[in-house]
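For reference, the structure is listed below as structure tokens.
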Amino acid sequence: MPPQQPNPVPTTPASPPQSFTPSTPPKHHHSYWLLIAAGVAIAILTYLGISQVTSAPVSIFALFTNPEMGGYALFLLPAVVVSLILILISWRWGRNIYRKENRPVQGFFFGTSLYLLLVFLALGITNVLLVGYAHTVADDVSFAVGLIFSIFFITSIQILYVGLLICMGLLIYSTRSSPEEPSQAPSPLAIQFRYAVMGVMIIFALYIFGLAAPIATATHQQWLCNLVYSSRAKADCLLNTSAIAASENAAQNSGNSGTFTIVKTDYKQIKDLHEVGGKLAYAFENNDGTSGVAYDGQVVSGAYQKVGILPIAEVGGKLAYEAYKGDKEIIVWDGQEFGTSYNRASQPTDIGGKLAFVAEIGKKYFVVYDGKEYGREADGAGRPTSIQGKLAYAADTNINGGQYVVFDGKQVGGRYGRVEWIKDEDGHLVFEGVNGNGTLLVVDGKEYGFGYGQIQNHVLIDGKLAFSAQKDGKTVIVYEGTEIGTGSSYEAGPYNIKGQLAYIAANPDGTSQLMVGGQAVGPVMSGSVRNVDVSKGGRVVVQIDDGSKQCRGVVHGPIYLDGEKVYEGCSSNPFGFFGEKLLFWTQEGGDKALWYDGKKIGQGFYGYNYFAVVDGKLAIAAFASAGQGVQYSLLLEQ
Numbered sequence: 024m025p026p027q028q029p030n031p032v033p034t035t036p037a038s039p040p041q042s043f044t045p046s047t048p049p050k051h052h053h054s055y056w057l058l059i060a061a062g063v064a065i066a067i068l069t070y071l072g073i074s075q076v077t078s079a080p081v082s083i084f085a086l087f088t089n090p091e092m093g094g095y096a097l098f099l100l101p102a103v104v105v106s107l108i109l110i111l112i113s114w115r116w117g118r119n120i121y122r123k124e125n126r127p128v129q130g131f132f133f134g135t136s137l138y139l140l141l142v143f144l145a146l147g148i149t150n151v152l153l154v155g156y157a158h159t160v161a162d163d164v165s166f167a168v169g170l171i172f173s174i175f176f177i178t179s180i181q182i183l184y185v186g187l188l189i190c191m192g193l194l195i196y197s198t199r200s201s202p203e204e205p206s207q208a209p210s211p212l213a214i215q216f217r218y219a220v221m222g223v224m225i226i227f228a229l230y231i232f233g234l235a236a237p238i239a240t241a242t243h244q245q246w247l248c249n250l251v252y253s254s255r256a257k258a259d260c261l262l263n264t265s266a267i268a269a270s271e272n273a274a275q276n277s278g279n280s281g282t283f284t285i286v287k288t289d290y291k292q293i294k295d296l297h298e299v300g301g302k303l304a305y306a307f308e309n310n311d312g313t314s315g316v317a318y319d320g321q322v323v324s325g326a327y328q329k330v331g332i333l334p335i336a337e338v339g340g341k342l343a344y345e346a347y348k349g350d351k352e353i354i355v356w357d358g359q360e361f362g363t364s365y366n367r368a369s370q371p372t373d374i375g376g377k378l379a380f381v382a383e384i385g386k387k388y389f390v391v392y393d394g395k396e397y398g399r400e401a402d403g404a405g406r407p408t409s410i411q412g413k414l415a416y417a418a419d420t421n422i423n424g425g426q427y428v429v430f431d432g433k434q435v436g437g438r439y440g441r442v443e444w445i446k447d448e449d450g451h452l453v454f455e456g457v458n459g460n461g462t463l464l465v466v467d468g469k470e471y472g473f474g475y476g477q478i479q480n481h482v483l484i485d486g487k488l489a490f491s492a493q494k495d496g497k498t499v500i501v502y503e504g505t506e507i508g509t510g511s512s513y514e515a516g517p518y519n520i521k522g523q524l525a526y527i528a529a530n531p532d533g534t535s536q537l538m539v540g541g542q543a544v545g546p547v548m549s550g551s552v553r554n555v556d557v558s559k560g561g562r563v564v565v566q567i568d569d570g571s572k573q574c575r576g577v578v579h580g581p582i583y584l585d586g587e588k589v590y591e592g593c594s595s596n597p598f599g600f601f602g603e604k605l606l607f608w609t610q611e612g613g614d615k616a617l618w619y620d621g622k623k624i625g626q627g628f629y630g631y632n633y634f635a636v637v638d639g640k641l642a643i644a645a646f647a648s649a650g651q652g653v654q655y656s657l658l659l660e661q
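Convert by adding 23 to the 1-based position in the sequence shown; the result is the number in our numbering.
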């Protein structure tokens with residue numbers, strides 16, 4: 024037999040060499056860095072836009088670095104929940120566009136746009152609901168609602184902005200995975216819907232973030248400012264595009280009341296406007312905390328870094344003001360220093376063309392007039408007042424108790440718990456004394472008001488006193504000791520109109536009527552009387568609150584000037600005559616202005632603080648927003 028061969032070892036065919044090809048990135052990996060750049064650009068633009076709407080920091084770090092925010096933790100929770108829901112909706116929708124349709128760029132921009140659009144809608148709905156609710160509840164609750172909304176708005180802006188960053192980050196990260204195969208083709212309606220969402224979001228963002236403002240400024244088209252959402256940004260826009268602000272430092276605004284020049288300044292505040300020798304003087308405060316006084320367009324307090332709160336007075340036709348020198352407060356009059364020997368000198372006052380002021384040594388106050396001290400015998404003295412060119416002041420003593428008035432070196436009237444004020448009215452010494460059982464008016468030493476509650480208003484008519492006071496829960500007018508009027512729950516007045524007694528009578532049917540010399544004058548007015556003013560020439564203005572519309576804390580209704588309705592809408596203080604011209608504050612929508620002698624002025628400013636008539640012309644201190652603060656300007660009638 025042939026020898027047996029060993030069984031062959033079974034072999035498997037050799038496998039072909041394996042290829043080790045590295046994994047490839049997704050098809051649209053080149054879009055990854057493009058989307059990152061787009062996300063950074065959107066984040067920056069959104070941050071800049073938010074800074075135009077609110078001065079609050081929008082960085083998430085502000086929530087942890089600002090100690091005051093710690094108490095508002097509960098207000099963060101709604102924004103956190105809302106933000107998470109919006110992130111989930113927007114991210115999933117944008118991610119699905121990429122996964123199913125292989126459209127990373129469209130998925131990113133649609134998801135981002137959807138998030139922003141939902142944020143705008145959420146804040147808008149919150150605003151409408153809270154503001155509407157605040158209008159239906161009591162004033163104290165309304166204030167609380169407004170406070171809650173202000174806190175919620177600030178904190179939610181920060182949280183929702185961080186939510187935008189997270190949403191964009193998730194959308195960009197989603198593009199690192201491969202899309203599904205095969206890709207699905209979206210319907211034309213879906214494409215149109217996505218572009219519509221992105222378009223609406225862009226329009227909302229342009230409106231809310233105020234892009235119309237720089238366009239309006241560049242083109243000098245003021246009507247575009249009405250397309251700005253933020254009231255602060257709108258005020259800036261109106262100011263910068265108005266004919267009254269065509270140049271950086273000054274411009275002209277013509278109207279029925281003449282021409283106004285607006286002078287912009289770098290001051291943090293302008294205050295205490297006064298006419299001194301026919302020229303304008305005012306105090307100002309700088310952003311670094313220093314302050315000073317300007318007179319006739321020039322800073323005159325250069326030797327002092329700080330002046331008093333309301334420091335200015337005219338004494339003998341010359342400028343006087345309070346200033347700090349070292350650790351002392353002194354008086355500067357006509358460039359010379361007074362009161363340097365005292366710890367403090369304040370309240371410069373003109374008494375017959377001579378300087379009077381209040382001095383303090385060792386916490387004891389007294390009056391210095393024409394270089395002589397008055398009231399040192401009392402425990403305190405102050406409020407120097409000129410009565411027919413002679414000195415009157417209030418003094419108090421702890422021995423006998425009470426305060427009293429000294430005029431021309433003699434005590435006038437009795438002693439009172441306190442003396443509220445001292446005035447020269449038509450050459451008569453008038454002051455108000457308050458005791459535990461009520462208020463008394465003292466005219467040339469004679470007391471009035473016994474048997475009545477608080478005295479509200481008063482006037483002298485040919486030296487005869489008329490006043491309004493509370494009695495049995497009602498307001499009555501008392502003239503020469505006789506009660507007049509309808510005896511309703513409210514009577515406004517009294518007033519002196521060309522030598523005749525005048526007041527506003529409240530009729531039983533809720534209407535009001537101006538009464539002059541016992542006769543009805545002008546129309547019957549429906550609504551509550553809020554403000555009345557009478558000029559020295561006898562012009563009368565009445566502001567009525569008809570309650571027909573909410574005006575964010577101000578009055579809505581007509582304004583009657585000399586019996587004729589000259590305005591109807593939202594108005595408030597300042598309100599009254601400057602010279603013989605009427606001025607009051609108005610608001611129409613978000614636009615604020617001043618109604619002055621039949622013409623609106625001051626559009627574009629955020630507020631108006633101080634007013635003075637200088638050489639027959641009106642001067643106004645107004646402010647507008649500037650960055651995170653305000654910038655003051657002077658409006659000067661020419």
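Cβ atoms here follow ideal geometry from the backbone N, Cα and C, with glycine treated the same way.
Here the structure is a predicted model, which means the values were calculated and not measured.
Spatial neighbours of residue i within its chain, please: CB distance less than 6 Å, with the 5 preceding and 5 following residues excluded, ordered by chain position.
i	result
residue 355	344 and 346
residue 378	338 and 356
residue 641	601 and 660
residue 446	453
residue 301	638
residue 643	631, 634 and 658
residue 340	300
residue 399	389
Could you give the C-beta distance for residue i and residue j, rounded to a whole number, given that I count them as a contact under 8 Å?
i	j	result
residue 282	residue 661	4 Å
residue 12	residue 634	Because the chain spans 24 through 661 in this model, residue 12 falls outside it and cannot be assessed.
residue 472	residue 464	5 Å
residue 220	residue 137	6 Å
residue 179	residue 102	4 Å
residue 306	residue 330	6 Å
residue 292	residue 308	4 Å
residue 375	residue 405	About 19 Å separates the two Cβ atoms, so there is no contact after all.
residue 426	residue 439	6 Å
From the DSSP output, read off the bridge partner residues of residue i.
i	result
residue 70	Note: residue 70 sits in no beta bridge, so no partner.
residue 246	Answer is none; residue 246 lacks a bridge partner.
residue 441	457
residue 554	566
residue 462	457
residue 360	355
residue 373	378
residue 345	354
So, at 8 Å on beta carbons, what are the nonlocal neighbours of residue i in its own chain, with the 5 sequence-adjacent residues on each side left out?
i	result
residue 562	584, 585, 600, 603 and 605
residue 372	336, 338, 378, 379, 380, 407, 408 and 409
residue 555	515, 516, 518, 527, 563, 564, 565 and 566
residue 479	490, 491, 492, 493 and 498
residue 139	69, 187, 224, 227 and 228
residue 313	328 and 329
Using only the heavy atoms of the ligand SAH, determine whether one of them is closer than 7 Å to the beta carbon of residue i.
i	result
residue 420	In terms of ligand content, the structure shown is empty, and the ligand SAH therefore cannot be addressed.
For a test of the three-state rule: what should DSSP assign to residue i, helix, strand or coil?
i	result
residue 209	coil
residue 664	Residue 664 is absent from the model: the chain starts at 24 and stops at 661.
residue 401	coil
residue 291	coil
residue 421	coil
residue 617	strand
residue 149	helix
residue 199	coil
residue 333	coil
residue 14	This structure gives no information on residue 14, because the portion of the chain shown stretches from 24 to 661.
residue 312	coil
residue 636	strand
residue 642	strand
residue 223	helix
residue 234	coil
Starting from the C-beta of residue i, find all residues in its chain whose C-beta is less than 7 Å away, skip the five residues before and the five after it, and write them out in chain order.
i	result
residue 126	120
residue 574	593 and 610
residue 595	577, 578 and 608
residue 145	105
residue 636	298, 601 and 602
Quick check for students: name the residue ranges of the beta strand (DSSP E) that lie wholly in the stretch 480-549, counting only runs of 3 or more. If only uninterrupted beta strand (DSSP E) runs of at least 3 residues are considered, those enclosed by the stretch 480-549 are 487-494, 497-502, 505-507, 515-520, 523-529, 534-539 and 542-549.
Mind pulling the beta strand (DSSP E) runs of 3 or more residues that sit fully within the stretch 558-596? Counting only runs of 3+ residues, the beta strand (DSSP E) found wholly inside the stretch 558-596 occupies 563-568 and 578-584, in chain order.
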